[in-house]
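Structure first, then comments.
2 protein chains.
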Amino acid sequence: MDMRKLVGRNLARLRQAQKLTQEELAMRSGFSQQYLSDVERGLKNPTIITLYEIALALSVSHVALVEPDGMAEETAPQPKRRRAAGTGRIK
Amino acid sequence: MDMRKLVGRNLARLRQAQKLTQEELAMRSGFSQQYLSDVERGLKNPTIITLYEIALALSVSHVALVEPDGMAEETAPQPKRRRAAGTGRIK
DNA sequence: AGTCGTTACATATTATAGTTGATAAACTTG
DNA sequence: CAAGTTTATCAACTATAATATGTAACGACT
Chain A
1 MDMRKLVGRN
11 LARLRQAQKL
21 TQEELAMRSG
31 FSQQYLSDVE
41 RGLKNPTIIT
51 LYEIALALSV
61 SHVALVEPDG
71 MAEETAPQPK
81 RRRAAGTGRI
91 K
Chain B
92 MDMRKLVGRN
102 LARLRQAQKL
112 TQEELAMRSG
122 FSQQYLSDVE
132 RGLKNPTIIT
142 LYEIALALSV
152 SHVALVEPDG
162 MAEETAPQPK
172 RRRAAGTGRI
182 K
């Protein structure tokens, strides 16, 4: 299950349904057209606040952006989050 | 509408409903107890992948973590996303 | 073919998400 | 009440999300 792809598909579908271009949504949301393009193509892992603000600009519920859309899932696994970082404290 | 607080409330409620400690959820999810504590208290702005992985560890749908929970919204506005960054290119 | 509108691609930078370890504070239990 | 358990808090670090800018590629239309 790839959340980036799911959210991307939902976003693209909802935007197109409203006959909006990415540029128009960009202006409404304050995100750049280039960023929205990446999100729609599943290349970005947005935060929940970003999700909400995009939904707001689209006048839809943020839930609509994360709901399963009935598309067949690919066999590729969900991209994982970041790996291990610093020790958190100077030893 | 503060997404961080909403997700935090949903997470805490669902976790407690399953009688899980943050430590146990931490072990199941691979996130640290400290991080989950921050998320539950609305102090973190997780990405959609993080959202999904927490939901997976809780054996609930990720949608359950973002659904409105009927709590009265505070008058404080949604925290905004990040501000302007670099110029993107050496001029 | 040329033009226009739209989307995709590239790059460098900054802000912040997520990690880690330590530990204080709060809560629960016997 | 003391001890054990759970959650909250702090701080420093690394990885990455988001920004800004430029522009290539694509599709539609004349």
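Residue numbers (this note's numbering), protein chains in the order written: chain A, 1 to 91; chain B, 92 to 182. Note that the Cβ used here is the ideal one computed from N, Cα and C, for glycine as well.
Answer yes if the stretch 92-107 of chain B comes into contact with the stretch 21-30 of chain A, meaning at least three C-beta pairs across the two stretches below 8 Å, and no otherwise.
no
Using alpha carbons as the reference points, say which of B:161, B:171, B:149 and B:156 lies closest to residue 111 of chain B.
Among B:161, B:171, B:149 and B:156, the Cα nearest to that of residue 111 of chain B belongs to B:149.
Just the Cα atoms here: how many angstroms apart are residue 170 of chain B and residue 10 of chain A?
24 Å
Nearest-angstrom Cβ-Cβ length linking residue 141 of chain B and residue 46 of chain A, presumed shorter than 8 Å:
In fact, because the Cβ distance is near 11 Å, the residues do not count as touching under 8 Å.
Taking 8 Å as the threshold (beta carbon to beta carbon), is residue 154 of chain B in contact with chain A?
yes
Inter-residue Cα distance where the pair is residue 3 of chain A and residue 22 of chain A
20 Å
Cutoff 8 Å: residue 7 of chain A Cβ touching any chain B Cβ
yes
Using a threshold of 8 Å, state whether the C-beta atoms of residue 63 of chain A and residue 98 of chain B are closer than that.
no
Short-range partners of chain B found in the stretch 39-55 of chain A, where Cβ spacing is below 7 Å:
45, 46, 47, 48, 49, 50, 51, 52 and 53
Report, in whole angstroms, the separation of the C-beta atoms of residue 36 of chain A and residue 25 of chain A, which I expect to be a contact under 8 Å.
About 6 Å; that satisfies the 8 Å criterion.
The alpha helix (DSSP H) spanning residue 150 of chain B covers which residue range?
From DSSP, residue 150 of chain B is part of no alpha helix (DSSP H); its letter is neither H nor E.
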